[in-house]
Amino acid sequence: MANEVKLYGVHGSPFVVRVKIALNLKGIKYEFVEEDLSNKSADLLKYNPVYKKVPVLVHNGNPITESLVIVEYVDDAWKGGAPILPRDHYQKAQARFWAKFVDDKCMPALFKAIVSHGEEQAVAEVNEQLQFLENELKGSKFFGGDNINLVDISGTFIAFWVGAAEEALGIKVLNKEKFPKLAEWSDNYINCQAVKDGLPLRENVVTFFKNRFEYVDDAWKQVPVLPQDAYGKARARFWAKFVDDKRTTLPSHRTSSYTTTVTLLFYINESSTQETQFTHKPGSEPRSEISNPRVHRKMTNEVTLHSFRGSPFGCRVEIALNLKGIKYEFIQENLSEKGPELLKYNPVYKKIPVLVHNGNPISESLVIVEYVNDAWEQVPLLPQDAYGKAQARFWAKFTDDKCIPAIFKAVTSHGEEQAVAEAQEQLQFLENELKDNKFFGGDNINLVDISAGYISFWLGAAEEALGINVLNKDKFPKLTEWCDNYINCQAVKDCLPPRDAVVGFYKMRFGKA
Numbered sequence: 001m002a003n004e005v006k007l008y009g010v011h012g013s014p015f016v017v018r019v020k021i022a023l024n025l026k027g028i029k030y031e032f033v034e035e036d037l038s039n040k041s042a043d044l045l046k047y048n049p050v051y052k053k054v055p056v057l058v059h060n061g062n063p064i065t066e067s068l069v070i071v072e073y074v075d076d077a078w079k080g081g082a083p084i085l086p087r088d089h090y091q092k093a094q095a096r097f098w099a100k101f102v103d104d105k106c107m108p109a110l111f112k113a114i115v116s117h118g119e120e121q122a123v124a125e126v127n128e129q130l131q132f133l134e135n136e137l138k139g140s141k142f143f144g145g146d147n148i149n150l151v152d153i154s155g156t157f158i159a160f161w162v163g164a165a166e167e168a169l170g171i172k173v174l175n176k177e178k179f180p181k182l183a184e185w186s187d188n189y190i191n192c193q194a195v196k197d198g199l200p201l202r203e204n205v206v207t208f209f210k211n212r213f214e215y216v217d218d219a220w221k222q223v224p225v226l227p228q229d230a231y232g233k234a235r236a237r238f239w240a241k242f243v244d245d246k247r248t249t250l251p252s253h254r255t256s257s258y259t260t261t262v263t264l265l266f267y268i269n270e271s272s273t274q275e276t277q278f279t280h281k282p283g284s285e286p287r288s289e290i291s292n293p294r295v296h297r298k299m300t301n302e303v304t305l306h307s308f309r310g311s312p313f314g315c316r317v318e319i320a321l322n323l324k325g326i327k328y329e330f331i332q333e334n335l336s337e338k339g340p341e342l343l344k345y346n347p348v349y350k351k352i353p354v355l356v357h358n359g360n361p362i363s364e365s366l367v368i369v370e371y372v373n374d375a376w377e378q379v380p381l382l383p384q385d386a387y388g389k390a391q392a393r394f395w396a397k398f399t400d401d402k403c404i405p406a407i408f409k410a411v412t413s414h415g416e417e418q419a420v421a422e423a424q425e426q427l428q429f430l431e432n433e434l435k436d437n438k439f440f441g442g443d444n445i446n447l448v449d450i451s452a453g454y455i456s457f458w459l460g461a462a463e464e465a466l467g468i469n470v471l472n473k474d475k476f477p478k479l480t481e482w483c484d485n486y487i488n489c490q491a492v493k494d495c496l497p498p499r500d501a502v503v504g505f506y507k508m509r510f511g512k513a
């Protein structure tokens, strides 16, 4: 068995430990290959040429990367032992949502609180995020009820590393009086044998935090709070050494208002807040003005989609539903005055899209697409085999984490040479991954195609509006052909806003005066 399963990692990485715990829970024996991240092995670079980082799981010669993608693969590939994801479709979607919440919201806030040595505002921000997890635990031993699940595994850093950082730096982040359920969960979790066997020695982690942040004390002698550049430097060093550049990729923050707006528009809010009128497309049902806060389409009492016309993230869900042939009610949200239903159904992010199926809300576009695939079996949006499924999840995540932020930077910089080069570096990976296929899913659209919808439609509109060229046809012939194939698929075409309206939006929002 040891020759079949290999895990490339470093001792002490919370992301590598996630995979160890999943394998332990399933009772899978594996060979651990310790990586020297200052001199990465040829195997690591071969198995993870995109990110060049740990963890990497290799099963029968097939590499899987990204910790939560690997954990889901382990659950798919080995049915024995306790399931890591619930079997119920809705509960599975909820687990994915909270695991993503831990990575997207809790981890960055925790790092900021640690790096700032427990600065009051930073701790207040992390407390706000942890409160959601405290509430979600309810009266359960684990997030998975009586058994550990994906959410517990994603929260390993909270359960173990935060306590070590608190001890090392003399700070308090996870207050037991404020978060009694989380504190009890932490104890239950790290004392589970499968978890305990995967954790590094606590004293080593405490020592690491002490050594790593000694220089922060020197930097803070003159001022109570690190300036932005110093904080960025601290965070970069922390991530680079501690988890091999395992960080949440966000768009570049610039001082100009238009860049702040685009960050909110598409990346953070997963929507467009600009009140643009999308006109009626011949052959489709009328598209109402965005200023109308409630617009309904394809009425049904079973499936409701709260979204916003023109949002590439909302379109992801519409396309998935169309491919499955699912009728649904579309509720147009006015994001300058969010409706009570949206706030009720998505109290964590307070953003669209939100799918409500039989009264159960699901949030986050790719989580929703996977839910749609699980809940309705016709026209699969993910491969059936565990490895193909893991690869699709990896590339969908790559699109969100790497491609879209790089493209935003290129667009908002009006095609600045370095920004375009960075975007094209990421797009080259997708060009290579397409091979000679019509879609990323082969002959059929799958999760990766849906995740990359922004590239196929919105990017072209931005290029036309601003007179820039990011997706060069000569450089990316396969991606260019894929774009044409994708947006001309009827299930996709029916969901897209009118191109001239999107071009007009980009001209108005980002055009040079």
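Letter 369 of the sequence shown, counting from 1, is numbered 369 in the UniProt record's numbering, and no numbers are missing.
All C-beta atoms, glycine included, are put in the ideal place defined by N, C-alpha and C.
The structure presented is a predicted model; accordingly, all values stated were derived computationally and were not measured.
Check whether Ala-165 and Ile-114 have beta carbons under 8 Å apart: As a working mapping, residue 165 is identified with position 165 in the sequence shown. As a working mapping, residue 114 is identified with position 114 in the sequence shown. Contact: yes.
The alpha helix (DSSP H) with Tyr-345 in it runs from where to where? Against the sequence shown, residue 345 aligns to sequence position 345. Counting along the chain, the alpha helix (DSSP H) containing Tyr-345 begins and ends at 340–345.
Determine the contact status of Tyr-450 and Cys-483, defining contact as a CB-CB distance below 8 Å. Stepping through the sequence shown from its first residue, residue 450 is reached at position 450. Stepping through the sequence shown from its first residue, residue 483 is reached at position 483. Contrary to the premise, residue 450 reads as Ile rather than Tyr in this sequence. With a cutoff of 8 Å on beta-carbon distance, Ile-450 and Cys-483 are scored as not near each other.
Hey, out of Phe-179, Lys-53, Glu-125, whose CA is closest to Gly-139's CA? As a first step, residue 139 is located in the sequence shown; it is residue number 139 there, counting from the start. The candidate whose alpha carbon is nearest that of Gly-139 is Phe-179.
Return the first residue and the last residue of the beta strand (DSSP E) that Ser-363 is part of. Here residue 363 refers to the residue found at position 363 when the sequence shown is read from its first residue. Ser-363: member of the beta strand (DSSP E) spanning 360–363, first to last residue.
Sort Lys-26, Lys-389, Asn-62, Asn-149 by Cα distance to Leu-85 and report the nearest one. Counting from one through the sequence shown, the residue named residue 85 turns up at place 85. When each option's Cα is compared against that of Leu-85, the closest is Asn-149.
Which whole-angstrom value describes the C-beta separation of Arg-96 and Val-367, a residue pair presumed to lie in contact below a C-beta threshold of 8 Å? In the sequence shown, counting from the first residue as 1, residue 96 sits at position 96. In the sequence shown, counting from the first residue as 1, residue 367 sits at position 367. Yes, they are in contact, since the Cβ atoms of Arg-96 and Val-367 sit about 5 Å apart, within 8 Å.
List in chain order: all unbroken alpha helix (DSSP H) runs of 4+ residues lying wholly within the segment 23–51. If we require 4 residues or more, the alpha helix (DSSP H) runs fully inside the segment 23–51 come out as 42–47.
Cα-Cα separation between Lys-338 and Pro-383, rounded to whole angstroms: Locating residue 338 in the sequence shown gives position 338, where the first residue counts as 1. Locating residue 383 in the sequence shown gives position 383, where the first residue counts as 1. Going from the Cα of Lys-338 to the Cα of Pro-383 covers about 36 Å.
Classify Thr-207 as buried or exposed, calling it buried when 16 or more other Cβ atoms lie within 10 Å of its own Cβ. Along the sequence shown, one-based indexing puts residue 207 at 207. With fewer than 16 neighbouring CB atoms inside 10 Å of its own CB, Thr-207 falls in the exposed class.
Per the DSSP calculation, His-11 is bridged to which residue(s)? As a first step, residue 11 is located in the sequence shown; it is residue number 11 there, counting from the start. Note: His-11 is not bridge-paired with any residue in the DSSP secondary-structure output.
For Cys-403 versus Leu-427, is the C-beta spacing smaller than 8 Å? Residue mapping note: residue 403 aligns to position 403 of the sequence shown, counting from 1. Residue mapping note: residue 427 aligns to position 427 of the sequence shown, counting from 1. In this structure, Cys-403 places its C-beta atom within 8 Å of the C-beta atom of Leu-427.
Pick from Trp-376, Asn-39, Val-54: whose alpha carbon is nearest that of residue 535? Residue 535 lies beyond the range of the chain shown here (1 to 513); nothing can be said about it.
Quick check on DSSP: helix, strand or coil for Pro-180? As a first step, residue 180 is located in the sequence shown; it is residue number 180 there, counting from the start. In the displayed model, Pro-180 falls within a helix according to three-state DSSP.
Output the distance between the C-alpha atoms of Ala-461 and Arg-309, rounded to the nearest integer angstrom. Stepping through the sequence shown from its first residue, residue 461 is reached at position 461. Stepping through the sequence shown from its first residue, residue 309 is reached at position 309. Straight-line Cα distance between these residues: approximately 15 Å.
Let me confirm a value: Gly-359 is counted as buried when at least 16 other C-beta atoms fall within 10 Å, else exposed. Which label applies? Stepping through the sequence shown from its first residue, residue 359 is reached at position 359. Under this definition Gly-359 is an exposed residue.
Tell whether a beta-carbon distance below 8 Å holds between Ala-491 and Ile-319. On the sequence shown, position 491 is the one that residue 491 refers to. On the sequence shown, position 319 is the one that residue 319 refers to. Judged by their CB atoms, Ala-491 and Ile-319 are nearer to each other than the 8 Å cut-off.
Can you tell me where the beta strand (DSSP E) holding His-59 begins and where it ends? Within the sequence shown, the letter at position 59 stands for residue 59. For His-59, the uninterrupted beta strand (DSSP E) segment begins and ends at 56–59.
Please go through the same chain and pick out, in chain order, the residues whose beta-carbon is closer than 6 Å to the beta-carbon of Phe-439, but skip the five residues on each side of it. Along the sequence shown, read from residue 1 onward, the residue named residue 439 stands at position 439. Non-local C-beta neighbours of Phe-439 in its own chain, meaning closer than 6 Å and more than five positions away in sequence, comprise Ile-445, Asp-449, ordered along the chain.
Collapsed DSSP secondary structure at Val-223 in the structure displayed: For this step, residue 223 is matched to residue 223 along the sequence shown. Any reading at Val-223 needs caution, since the residue's pLDDT is 35, under 50, leaving its predicted position unreliable; the model's value is listed next. In the three-state scheme derived from DSSP, where H, G and I count as helix and E and B as strand, Val-223 is classed as coil.
State whether the segment 22–33 contacts the segment 68–85, with contact taken as three or more CB pairs (one from each stretch) at a distance under 8 Å. Segments in contact, yes.
Do Val-356 and Leu-342 have their C-beta atoms closer together than 8 Å? As a first step, residue 356 is located in the sequence shown; it is residue number 356 there, counting from the start. As a first step, residue 342 is located in the sequence shown; it is residue number 342 there, counting from the start. Not in contact: Val-356 and Leu-342 (Cβ atoms no closer than 8 Å).
Can you name the start and end residues of the alpha helix (DSSP H) that Glu-302 belongs to? Looking up residue 302 in the sequence shown gives position 302. Where Glu-302 is concerned, there is no enclosing alpha helix (DSSP H), given that its DSSP letter is neither H nor E.
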